[in-house]
Amino acid sequence: MDGQDKILLETALQHDQEEERFEEDDIIKAISLYRKLTESGESVLDYFYEMGILPVQINTEHDGSPTINEIMEEVIYHIGPLRNYENLKIETLEEKQLREDAEKEHLLKLKQKQDDEQHSLKLLRQEKMEQWAMMVDLLKEEEEKMLAVKSIPIRNYLITEIFPTLTDGLIEVARVQPEDPIDYLAEYLFKKNPSGRMLAPEYTDEGREKSLFINKFARILNMSSKTHLV
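Letter 89 of the sequence shown, counting from 1, is numbered 331 in the working numbering, and no numbers are missing.
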């Protein structure tokens, strides 16, 4: 704002806020310093000129009222109404540090919670896998027991009915060492059981199972003899 030093002095002296009251000598020194700083033509206005912002010139000599109402109305017209920043809180460095520390602590707690949940899930999966493996072992054990129970009659029959005669036949084959040990063994067994009805597949289910076992055992002997001859 432009104005005579006398008007600027009177306006400053009429300021009615106690905490911002100015002494006359201080006002005169401030005006003199301002005039001295702006005599060279360099002032804060140069910045706005460089930025392409043109200042608004307000003549203070036309408003002699103590409250400079006309001047204030013109200022408000150009920059807008007054705004109250009394309740605006400016964050201090200490408050900023406290806020950042609180955020870091929150993130650490959140990460710790996630880690604990993942660890709990891992333990739960491991426990379930152990239970599953234990159940599989129990099922296998039960299956082996059932197979062992089912095989008891067959084992007893083999021990009492098959193995004695078969063992004698094998001993005879080993003693004679014929060219065709399988045929020789078959003839030997036929002599021991000429009817062959006991082991006939069509006779009984038990005989069918025993016949399958003998055929399988004969194939094993045949393979063993061929390997020995080679």
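For every residue, glycine included, the Cβ atom is placed at its ideal position computed from N, Cα and C.
Exercise. Can you have a look at Leu-427 and say buried or exposed, based on whether 16 or more other CB atoms are within 10 angstroms of its CB?
Key: buried
Quiz prompt | Distance CB(Ile-313)-CB(Ile-300) smaller than 8 Å | solution = yes
Exercise. Could you tell me the distance, in whole angstroms, from the CA atom of Thr-409 to the CA atom of Met-377?
Key: 42 Å
Quiz item: CA-CA distance, Leu-366 and Gln-354?
Solution: 18 Å
Quiz item: Where in the stretch 295-370 do unbroken runs of the alpha helix (DSSP H), each at least 4 residues long, occur, reported from the N-terminal end onward?
Solution: 311-321
Self-check item: Backbone CA spacing between Lys-515 and Ala-272 [nearest angstrom]
Solution: Outside the shown range of the chain, which is 243 to 472, sits residue 515, and nothing can be said about it.
Exercise. Give the straight-line distance between the Cα atoms of Leu-431 and Asp-425, rounded to the nearest whole angstrom.
Key: Separation of Leu-431 and Asp-425 (C-alpha to C-alpha, rounded to the nearest whole angstrom) is 10 Å.
Practice problem: Mark Pro-423 as exposed unless 16 or more other C-beta atoms lie within 10 angstroms of its C-beta, in which case mark it buried. | Solution: That one is buried.
Quiz item: In terms of residues, what are the limits of the alpha helix (DSSP H) holding Ile-424?
Solution: 423-434
Quiz prompt | Start-to-end residues for the alpha helix (DSSP H) that takes in Glu-403 | solution = Here Glu-403 belongs to no alpha helix (DSSP H), and DSSP marks it neither H nor E.
Self-check item: Distance between beta carbons of Thr-402 and Lys-434, contact taken as under 8 Å
Solution: With 8 Å as the limit, Lys-434 and Thr-402 do not qualify as a contact, their Cβ atoms being about 15 Å apart.
Self-check item: Straight-line Cα distance separating Ser-274 from Phe-290
Solution: A direct Cα-to-Cα measurement between Phe-290 and Ser-274 gives close to 23 Å.
Practice problem: With a 10 Å radius around its C-beta and 16 neighbouring C-beta atoms as the bar for buried, classify Gly-322 as buried or exposed. | Solution: exposed
Self-check item: Where the alpha helix (DSSP H) containing Glu-265 begins and where it ends
Solution: Unbroken run through Glu-265: none, as it is neither H nor E.
Quiz item: Can you tell me whether Gly-411 is buried or exposed, with buried defined as 16 or more other CB within 10 angstroms of its CB?
Solution: Per the 10 Å Cβ criterion, buried.
Quiz item: Within this structure, are the beta carbons of Val-286 and His-320 separated by less than 8 Å?
Solution: no
Quiz item: So what's Val-378 in DSSP terms, helix, strand or just coil?
Solution: helix
Exercise. Would you decide whether Leu-471 is buried or exposed? Buried here means 16 or more other CB atoms lie within 10 Å of its CB.
Key: Confidence at Leu-471 is low in this model, with a pLDDT of 46, below 50, so the placement of that residue should be treated as unreliable; the coordinate-derived value is given next. The C-beta of Leu-471 has fewer than 16 other C-beta atoms within 10 Å across all chains shown, which makes the residue exposed.
Quiz item: Under 7 Å from any heavy atom of the ligand GDP, does the C-beta of Ile-404 make it?
Solution: Of the ligands one can find in the structure shown there are none, so the ligand GDP has no counterpart to examine.
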